[in-house]
Amino acid sequence: MFDSLGSRFSSAFGALRSRGKISAGDIDKTCIEIRQALLEADVSLEVVEDFVSTVSAKSLSTLSELQSGANQAQAVFDVVNAELIQILGGAERRISFAKNPPTVILLAGLQGAGKTTLAAKLAKFYKDQGNTPLLVASDLQRPNAVSQLQVVGESAGVAVFAPEPGNGVGDPVKVARDGLAHAKAKLYNMVIVDTAGRLGVDRELMQEAIAIRDAINPDEVLFVVDSMIGQDAVRTAKAFSDGVGFDGVVLTKLDGDAKGGAALSITKSTGKPIMFASTGEKLNDFDIFYPERMASRILGMGDVATLAEQAKKAFDGDSSAKLEAKFASGEDFTLEDFLEQLEAMSKMGSMTKLLGMLPGSAAMKKQIDAIDDSEITKSKSIVQSMTPAERRDPKLLNGSRRARIALGAGRKVADVNSLVEKFAGAQKAMKSIRNGGMPAGMPAGMQAGMGVPKLSKPQPPQKKKSKSGNPAKRALEEQG
């Protein structure tokens, strides 16, 4: 989403780093580039002017305090990073749970923002943490909204309260009130109410949302906004803030090709933090919004923290420990082990998205975009078409066996050959890791997939050189 903005920032700081001593003119030039980049990203003019003015003043003040020889470009970079974190909301904000359950969360926003899917994602997010959420279908206006909530709720494994069919039938305020009563009776500790939206802000929309809010007295009101909405994000957010009022913002469709202006405008304009972000179509493509991580991605430093968290979720600790123990004992890395690692990698989501979290990924955008995420699925289908004996001993894979495997996987024999060759390389990498010591905690299959370089052979000890008789020369030799 922030590819274009990140590229512009990287270009601006690249030029700044190429200079030795940075002057006030250099700061002005960099600020002009930042201003242009933000405006092109659909950030509101008011936010841009305030941001650039603050960066300019703080950068000049910081440079005047630096001692000679200090990295001035890095100092300016740190100023921009800190201001980006502030414009994105500062520290992350979590849901405030009610002292007496259930905690009631009301979702509000325009039609098409993705509230219904977001409701299921939010419910699953808290269900996975041990909570018992209940979804309440109070969007009775949009066609099939109730049915959609029931479908996504079932996928998330979350109960849905939907006494009315919707499609214009039923009282949304009564449904919300009854849903809260049902949650209390059945001891749910969280209620998430999905409400109707409109194509634009109007009086009817606001009145309905206000009536539902007053009927259930929610602990949190979340404004759900499509991150691709652009300049309209600020106007819409202000309208909801003045009308219904909200405590936090949820950004949806962050995986799209939007310019990112919404994320950089809403918090500054409304004073409300971005609390969650939806980054894809799957129910797991959802997480807490971390301003410092988003600022890091915009500035081209990647998001290693989120990448590590996703890897930790995907790779089972027991299987990783078992695999490491297996390698330590000298056993070979098999195709069965390889399949386990492929399964875990597929749980992490799109490889394009994951690689985009690495530092410097903006400079490799074309290469990353060229990655085919379906390759993992293809590789899994090939390995799954093998017999257990073939997975344990790839040497059994003669021509006829490879033809059978290709047919079973719906692939070509050349695909099977390519996978076997890659696997052979992974095995060699595993042996190199075993000989040189394996990094603790990292899954072995991931190490192979990351292309761990072959360790060099130990060099014979060098002969001891004789020392010079000249004291001054000998001192220089010892320092060297």
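At the far end of the sequence shown sits residue 962, using the working numbering, and the numbering has no gaps.
Ideal Cβ positions, reconstructed from N, Cα and C, are used throughout, including at glycine.
On a predicted model such as this, the values are computed, not experimentally measured, just so you know.
Let's see if you can read the secondary structure: which residues bound the beta strand (DSSP E) around residue i?
i: P615; result: 615-620
i: E528; result: No beta strand (DSSP E) contains E528, which is instead part of the alpha helix (DSSP H) from 527-547.
i: S760; result: 756-760
i: F705; result: 702-708
i: F891; result: Residue identity check: residue 891 is Ala in the sequence provided, not Phe. Where A891 is concerned, there is no enclosing beta strand (DSSP E), although the alpha helix (DSSP H) it sits in stretches over 881-891.
Excluding sequence positions up to five away, which residues of its chain have a Cβ less than 7 Å from the Cβ of residue i?
i: M868; result: L817, I887
i: V530; result: R517, L520, L521
i: G727; result: V703
i: P583; result: N671
i: K503; result: Q554
i: L765; result: A602, K603, K606, S637, A638
Along the alpha helix (DSSP H) that carries residue i, what are the first and last residues, could you check?
i: F768; result: From DSSP, F768 is part of no alpha helix (DSSP H) but of the beta strand (DSSP E) over 768-770.
i: T718; result: 714-725
i: I858; result: 856-866
i: L566; result: 554-569
i: I780; result: 773-780
i: R874; result: 870-874
Give me, in chain order, the residues of the same chain whose beta-carbon lies closer than 8 Å to that of residue i; leave out the 5 immediate sequence neighbours on both sides.
i: K894; result: A888
i: G892; result: S863
i: L527; result: L521
Any idea what DSSP makes of residue i, helix, strand or coil?
i: M920; result: With a pLDDT of only 45 at M920, under 50, the local geometry of the prediction cannot be trusted, and no value is derived from it.
i: T816; result: coil
i: G730; result: strand
i: A523; result: coil
i: T585; result: strand
i: A590; result: strand
i: F495; result: helix
i: A595; result: coil
i: T512; result: helix
i: I577; result: coil
i: I504; result: coil
i: G907; result: helix
i: L878; result: helix
i: L600; result: helix
i: K606; result: helix
i: N699; result: coil
Does the ligand FAD have a heavy atom nearer than 6 Å to the CB of residue i?
i: D524; result: Ligands are entirely absent from the displayed structure, and the ligand FAD is therefore not among its contents.
May I have a chain-ordered list of the alpha helix (DSSP H) segments no shorter than 4 residues that lie completely inside the segment 608-686?
627-638, 654-667
Touch check for the segment 621-631 and the segment 769-783: three-plus C-beta pairs under 8 Å?
no
Quick check: the segment 715-735 against the segment 746-762, are at least 3 beta-carbon pairs closer than 8 Å?
yes
Say whether the segment 664-672 touches the segment 714-727, bearing in mind that this needs 3 or more beta-carbon pairs closer than 8 Å, one atom from each stretch.
no
Please confirm if the segment 523-540 is in contact with the segment 552-568, defined as three or more CB-CB distances below 8 Å between the two stretches.
yes
Give a yes or no on contact between the segment 690-702 and the segment 603-617, applying the rule of three or more CB pairs nearer than 8 Å.
no
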